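Protein chains in written order, with the working numbering: chain V, 1 to 289; chain Z, 1 to 430. Cβ atoms here follow ideal geometry from the backbone N, Cα and C, with glycine treated the same way. Quantities reported herein were computed from a predicted structural model and do not represent experimental measurements.
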């Protein structure tokens, strides 16, 4: 394959993957920016979303049902985690990191026990080949990136044009003042966590046909999500989205020349470079106040 | 403001006390549940330790290794009078598919659980960390791996392997491949030792016979998109030889199918162990797969295969009888079974009574040429080479047709033989 073809392929894959990662990492960014909570189990919520999708597709026979049900179910789980695990700990970073590591292990090993260790695939609800110069590209991937873009716009609209979004931004700016203004901070936190988990599950549901469903799938997505959130700037949704697309596209293009591990090294170098120049990330405000 | 700004000392103490009680209870409970139980009243069991990948990326294999070993032990104890009249006591430990954990668990099995023999690991990283421990603690260790390194210098005199190794696999199929598919190949392999052995042995053997490997394409273990690698397949190739493993296999299969390469595809069942072939039916029509022991009964229908399946609870399609969606790792898991029966054969044949007799056991096995087909070796008669401690078996080539693996060619055992590069018999046993 000629180098230009490889570059085009890498670019397209990077954009598709970047949009999906943006969706998943957005949830992480939202609750970090809002609550200062580092949710180490975020990757496992993604993994569970994939597993729930598999169960629904195989036992209820509908992919589109899964697209709706997985986010709702995992969103509900997220709300449960917020109330049972995080709220009693008062959202202190050192507590929440350890607690969410515990949640990670519980979710991961429950998945191992119930779903089992074998990877399984979810068939795409449709597929077609789009002829590009030099290779055929999966039409489903193009649709996935379009859907992710639409969802990102939806979340932006939610955060910037709805009352809930207003509350979220208010809490992000100053929690104490928000409370004095009558904003139900606890409920905002709870719903934000639910939304974050639902986004991870939605990302899993749409990308399940691309990535295969496996009980260890959460680890890799967790790492890339954290890189993206930190480079984009803690607390900045726009930064997260841009960083996701930038990093994944860069890795995609780099994969025309080097192995994925080496491409990942490049991302990490970028991460370090960004943090040296702008310690709060590209658009960061330094987290919640 | 109901969100706490800080945790008061009283709350901290309460949480701390609660956590300590919980952890204490869990620890006590765990100890009581897992401590070595005193041996059953029957005299003098032989302790076999199973070192399995129960969690981590190897857990698919570990789960089946555990099942087959347990049922093998139960069968030997209840139907065959144990080993030399002594019951087998089975102890299992999880390696978490991690080298350091695996090595520690071997030590624990030998020192704490008093294991006389170890039925060992599949994954090379765990295996290579474990075998020095086996030698240090003078315990005979059966690898269940397919690893070639272990029988070409990275093992030692205490280590044996009954399942085939990569070099034997490649040796067995290369003549068939050149005759039936073609002389020009592209090879796609994972970018670590297992893949290198395939790449190197296939290239050497093909070129010795006048064929040519046009392109060697390494794929990193963490790749999730395979198009950049698939696109490097040389269009002049008669076929692509692929041996990728891992959850990415679904994506790989789909992308290879969609890529539009006209030649044949030759792969190994290792790529699709535990995977329902119906779910990849559309993409893999006409693909060839090597199997050590055909997943479907009709690939090698013998009374021993049937009895074996009955005992371990696997149906004619290779799934667990209690759950059709639980597909077994059929070409690998007979390894732990055959290792168990080899222990039985050699204990009884050599008169081994305790680890003081290890030398007798080792020499007995090293002098064994053949392991006859039977309930202990349901995949067919094996030949054994005492020099590198490796057993050799027959191999099978199957074709995927409408989502089912149909066995087409049986490659007799002598086609897989090679001259070992080491002679472990030279190593002294003190």
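Beta carbon proximity, residue i to chain Z, threshold 8 angstroms
i: residue 96(V); result: no
i: residue 256(V); result: yes
i: residue 121(V); result: yes
i: residue 10(V); result: yes
i: residue 6(V); result: yes
i: residue 260(V); result: yes
i: residue 117(V); result: yes
i: residue 135(V); result: yes
Sequence-distant residues of its chain with Cβ nearer than 6 angstroms to residue i (five each side left out)
i: residue 120(V); result: 54, 213
i: residue 125(Z); result: 99
i: residue 417(Z); result: 392
i: residue 431(Z); result: The structure shown has nothing for residue 431(Z), since chain Z only spans 1 to 430.
i: residue 100(V); result: 39, 40, 41
i: residue 400(Z); result: 284, 287
i: residue 364(Z); result: 346, 349, 350
First through last residue of the alpha helix (DSSP H) which encompasses residue i
i: residue 431(Z); result: The requested residue 431(Z) is not part of the displayed model; chain Z covers only 1 to 430.
i: residue 202(Z); result: 193-208
i: residue 156(Z); result: Neither: residue 156(Z) is in no alpha helix (DSSP H) and is coded neither H nor E.
i: residue 214(V); result: Neither: residue 214(V) is in no alpha helix (DSSP H) and is coded neither H nor E.
i: residue 295(V); result: Outside the displayed span of chain V (1 to 289) sits residue 295(V), for which this structure offers no information.
i: residue 15(V); result: 3-35
i: residue 168(V); result: 163-173
i: residue 99(Z); result: 99-111
Expected contact under 8 angstroms - CB spacing of residue i and residue j to nearest Å
i: residue 282(V); j: residue 231(V); result: 6 angstroms
i: residue 293(Z); j: residue 334(Z); result: 5 angstroms
i: residue 24(V); j: residue 197(V); result: Not confirmed; about 11 angstroms, so no contact.
i: residue 245(Z); j: residue 202(Z); result: Not quite, the Cβ-Cβ distance comes to about 16 angstroms (not below 8 angstroms), so this is no contact.
i: residue 162(Z); j: residue 339(Z); result: 5 angstroms
i: residue 49(Z); j: residue 115(Z); result: 3 angstroms
i: residue 217(Z); j: residue 172(Z); result: In fact, because the Cβ distance is near 23 angstroms, the residues do not count as touching under 8 angstroms.
Start and end residues, beta strand (DSSP E) containing residue i
i: residue 421(Z); result: That residue, residue 421(Z), is in no beta strand (DSSP E); it is neither H nor E in DSSP.
i: residue 385(Z); result: 382-385
i: residue 190(Z); result: 184-190
i: residue 218(Z); result: 212-219
i: residue 159(Z); result: 159-161
i: residue 410(Z); result: 404-411
i: residue 240(Z); result: 239-242
i: residue 255(V); result: Counting along the chain, residue 255(V) falls outside any beta strand (DSSP E), and DSSP gives it neither H nor E.
8 angstroms Cβ cutoff, residue i in contact with chain V
i: residue 14(Z); result: no
i: residue 251(Z); result: yes
i: residue 70(Z); result: no
i: residue 247(Z); result: yes
i: residue 228(Z); result: yes
i: residue 279(Z); result: yes
i: residue 405(Z); result: no
i: residue 431(Z); result: Nothing in the structure corresponds to residue 431(Z), since chain Z is present only between 1 and 430.
i: residue 275(Z); result: yes
i: residue 8(Z); result: no
i: residue 57(Z); result: yes
Cut-off 7 angstroms between Cβ atoms - residues of its own chain near residue i, not counting five sequence neighbours on either side
i: residue 238(V); result: 283
i: residue 168(V); result: 34, 159, 188, 192
i: residue 12(V); result: 137
i: residue 34(Z); result: none
i: residue 236(Z); result: 184, 214
i: residue 147(V); result: 206
i: residue 239(Z); result: 181, 182, 185, 263, 264, 265, 266
Within 8 angstroms, strictly: CB atoms of residue i and residue j
i: residue 67(V); j: residue 206(V); result: yes
i: residue 330(Z); j: residue 306(Z); result: no
i: residue 377(Z); j: residue 157(Z); result: no
i: residue 257(Z); j: residue 277(Z); result: no
i: residue 160(Z); j: residue 142(Z); result: yes
i: residue 15(V); j: residue 249(V); result: yes
i: residue 380(Z); j: residue 413(Z); result: yes
i: residue 204(V); j: residue 10(V); result: no
i: residue 266(Z); j: residue 150(Z); result: no
i: residue 146(Z); j: residue 97(Z); result: no
i: residue 248(Z); j: residue 223(Z); result: yes
i: residue 46(V); j: residue 243(V); result: no
i: residue 235(V); j: residue 172(V); result: yes
Sequence-distant residues of the same chain with beta carbon closer than 8 angstroms to residue i, five excluded per side
i: residue 348(Z); result: 83, 84
i: residue 2(Z); result: Any reading at residue 2(Z) must be qualified, since the residue scores a pLDDT of 49, below 50, and its modelled position is unreliable; the value itself is stated next. Here the set comprises nothing.
i: residue 361(Z); result: 140, 346, 347, 350, 352
The ligand NAP heavy atom lying under 7 angstroms from the CB of residue i
i: residue 166(V); result: No copy of the ligand NAP occurs in the structure displayed, which carries no ligand at all.
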